[in-house]
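Novice:
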Amino acid sequence: MSELRQNLCSKEWVVIAPKRREKPNALKTKIKSVPLSTESYSSKCPFCPNNEKLFPLEEKMRIQNSNGEWVTRVIENKYKILDSYDSCPTVTQPFDKEGIYQKLKGCGSHELVIDSNRHDKNILNMSPIEIRNILEAALQRAVALKKNPNNLITLIFKNYGAMSGQTQLHSHTQIVGSRVVPSYIRTLLHEAEKHFDSFGSCVFCDMIVYEIGEGVRLITQNENYVSFVPFAAGTEHETWILPKFHAAGLEEIVEKKLEDLAKILQSIFQRFHQKIENPDFNFVIRSAPYPLSNVPYYHWHIQLLPRTKIIGGFEVGTRIQVNTILPEDSAKLLRECSHF
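Residue numbers for the sequence shown follow this note's numbering, so the first one is 1210 and each next one is one higher.
#1: Locate the alpha helix (DSSP H) running through residue 1381, then write down its first and last residues.
#2: May I ask you to report which of helix, strand or coil DSSP gives residue 1406?
#3: Judging by CA-CA distance, which residue of 1363, 1456, 1258 and 1248 is the nearest neighbour of residue 1351?
#4: Out of 1541, 1536 and 1521, point me to the one whose CA is closest to residue 1214's CA.
#5: My output table needs one value for residue 1264: the three-state DSSP class, helix, strand or coil.
#6: According to the Cβ coordinates, are residue 1438 and residue 1426 closer than 8 Å?
#7: Considering only their Cβ atoms, is the gap separating residue 1318 from residue 1516 smaller than 8 Å?
#8: Distance, Cα to Cα, residue 1330 vs residue 1256?
#9: Leaving out the 5 sequence neighbours to the left and right, which residues in its chain are closer than 6 Å to residue 1458 when beta-carbon positions are compared?
#10: Output the distance between the C-alpha atoms of residue 1417 and residue 1435, rounded to the nearest integer angstrom.
#11: What's the gap between the Cα of residue 1235 and the Cα of residue 1519?
#12: Does DSSP put residue 1494 in a helix, in a strand, or in coil?
#13: Output yes or no for whether 8 Å exceeds the beta carbon distance between residue 1370 and residue 1490.
#14: Ignoring anything shorter than 3 residues, give me the beta strand (DSSP E) runs that lie fully in the stretch 1396-1477, in order along the chain.
#15: Which residue's Cα is closest to the Cα of residue 1356: 1250, 1322 and 1386?
#16: Just reading off the beta strand (DSSP E) that residue 1219 is part of, what are its end residues?
#17: Under 7 Å: does the beta carbon of residue 1542 sit that close to some heavy atom of the ligand FMN?
#18: Please work out which residues of its chain come closer than 6 Å, Cβ to Cβ, to residue 1466, disregarding the five sequence neighbours upstream and downstream, and give them in chain order.
#19: Roughly how many angstroms lie between the CA atoms of residue 1273 and residue 1341, to the nearest whole one?
#20: In or out: residue 1359 buried (at least 16 other Cβ within 10 Å) or exposed?
#21: Go to residue 1255, then tell me how far its alpha helix (DSSP H) extends in each direction, as first and last residue.
#22: Which residues share a DSSP beta bridge with residue 1270?
#23: Quickly, what does DSSP pair residue 1212 with across the bridge? List them, please.
#24: Could you tell me which uninterrupted alpha helix (DSSP H) segments, each at least 4 residues in length, are contained entirely in the stretch 1303-1371, listed from first to last along the chain?
#25: With distances taken Cα to Cα, identify the nearest neighbour of residue 1543 among 1479, 1521 and 1512.
#26: Which one of 1430, 1414, 1282 and 1526 has the shortest CA to CA distance from residue 1345?
#27: Distance, Cα to Cα, residue 1368 vs residue 1306?
#28: For residue 1224, which of 1529, 1308, 1538 and 1388 has the nearest alpha-carbon?
#29: Roughly how many whole angstroms lie between the Cα atoms of residue 1247 and residue 1334?
#30: Does the separation of the CB atoms of residue 1320 and residue 1278 fall below 8 Å?
#31: Go through its chain and collect everything with a Cβ distance to residue 1311's Cβ below 6 Å, but skip five positions before and after it.
Below, the structure written as structure tokens:
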């Protein structure tokens, strides 16, 4: 039997419909992911060391090894979503008008983290130290982008595989700063503040305590982080990672906490690989807008969204997601990974 479940944080509804998995599909085709490289260097890859001339963009930072070679590097994105144009305002300005509509020059930031200096490295075969380097670079740049007056919020994300939007084989992560705070984040902030006003607590902190206590949707945890399949998971095997310590912004992630985050991320990536056949997925860090980075009611978190199906007309028409796997069954499957 199908069941409607409400997301405690956004108040959105999702449909859990396991029976839908039995539906025959005469048109089913296998959408193949971006293939994994077997060579450590490619002369045609703009992200490989010594190929910088193929991608002559400003370097923002790098992390080096003991030999002085870069292992993780951040550059301007050549194909930007938003940009720091010369004509961008240096202070926040009102929106422009076009008749009854509002618009704004596409000012902001878009940077790219080259995850590794090796062409054959991907998020599945990286060590916790290598994942930690990616996180350190992305978080440092996210904090630095706060200085740009056109950035009220920054999104850190990774596209893994063709269905997620990945277009370059060499592993990379993206950072986008925006003047506009997305409606979904506004909804999360609004509902979190309402919860805080009603109960005097952070809704995400309450969720952490409940999910650890119940255990049925829990995947794994360590000293500083916990991962679980949310009660109202909108996609198959959707996974959340949250810090056990309260933090709305990303500034509080210091050395030990960064190491623990890298370890739990590696664990989830390996579980995806072993238990659900290396799915394409999107990885998103959702943090508060910069002006709200210290509020007591919001809690930054990571969403991992496997792309295991193509959405249909019901989802498009209603914007209600349909999940064909019980979150409890999904968590049980991911807990049973033999590698850990």
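The beta-carbon is built from N, C-alpha and C at its ideal position, and this holds for glycine as well.
Keep in mind it's a predicted model, so treat the numbers as computed, not measured.
Specialist: To lay it out plainly:
#1: First-last for residue 1381: 1381-1387, but that is the beta strand (DSSP E), not the alpha helix (DSSP H).
#2: In this structure, residue 1406 counts as helix in the three-state DSSP scheme.
#3: Closest option to residue 1351, Cα to Cα, is 1363.
#4: Nearest of 1541, 1536 and 1521 to residue 1214, Cα basis: 1536.
#5: For residue 1264, the three-state secondary structure derived from DSSP is coil.
#6: Judged by their CB atoms, residue 1438 and residue 1426 are nearer to each other than the 8 Å cut-off.
#7: For residue 1516 and residue 1318, no; Cβs fall outside 8 Å.
#8: CA-to-CA, the gap between residue 1330 and residue 1256 works out to about 12 Å.
#9: Excluding sequence neighbours, residue 1458 sits near 1496, 1497 and 1502.
#10: Near 8 Å, if we compare the C-alpha coordinates of residue 1435 and residue 1417.
#11: With a pLDDT of only 48 at residue 1235, under the threshold of 50, the placement of this residue in the model should not be trusted, and no figure is reported.
#12: Strand at residue 1494.
#13: Against a cut-off of 8 Å, the Cβ pair of residue 1490 and residue 1370 comes out as a contact.
#14: Under the rule that a run must span 3 or more residues, the beta strand (DSSP E) segments found entirely inside the stretch 1396-1477 read 1427-1430, 1434-1437 and 1448-1452.
#15: Selected option, being the one with the closest Cα: 1386.
#16: It is not in any beta strand (DSSP E) - residue 1219 carries neither H nor E in the DSSP assignment.
#17: For the structure depicted, the ligand FMN is absent and the ligand set is empty, with no information on it obtainable.
#18: Within the same chain, residue 1466 has close Cβ partners 1433.
#19: In a straight line, the C-alpha of residue 1273 is about 13 Å away from that of residue 1341.
#20: Using a 10 angstroms sphere on the CB of residue 1359, the tally of other CB atoms reaches 16 or more, which defines it as buried.
#21: Looking at the DSSP string, residue 1255 is not in any alpha helix (DSSP H), and its letter there is neither H nor E.
#22: According to DSSP, residue 1270 bridges with 1283.
#23: DSSP lists 1225 as partners of residue 1212.
#24: For the stretch 1303-1371, whole alpha helix (DSSP H) runs of length 4 or above, ordered along the chain, are 1337-1353.
#25: Of the listed residues, the one whose Cα sits closest to residue 1543 is 1479.
#26: Distance check between residue 1345 and each of 1430, 1414, 1282 and 1526 places 1282 closest, using alpha-carbon atoms only.
#27: Our two residues, residue 1368 and residue 1306, have alpha carbons roughly 34 Å apart in a direct line.
#28: Checked all of 1529, 1308, 1538 and 1388; the closest Cα to residue 1224 is 1529.
#29: Near 12 Å, if we compare the C-alpha coordinates of residue 1334 and residue 1247.
#30: Going by C-beta atoms, residue 1320 is not nearer than 8 Å to residue 1278.
#31: If the five residues before and after residue 1311 are omitted, its C-beta is found closer than 6 Å to the C-beta atoms of 1304, all from its own chain and listed in chain order.
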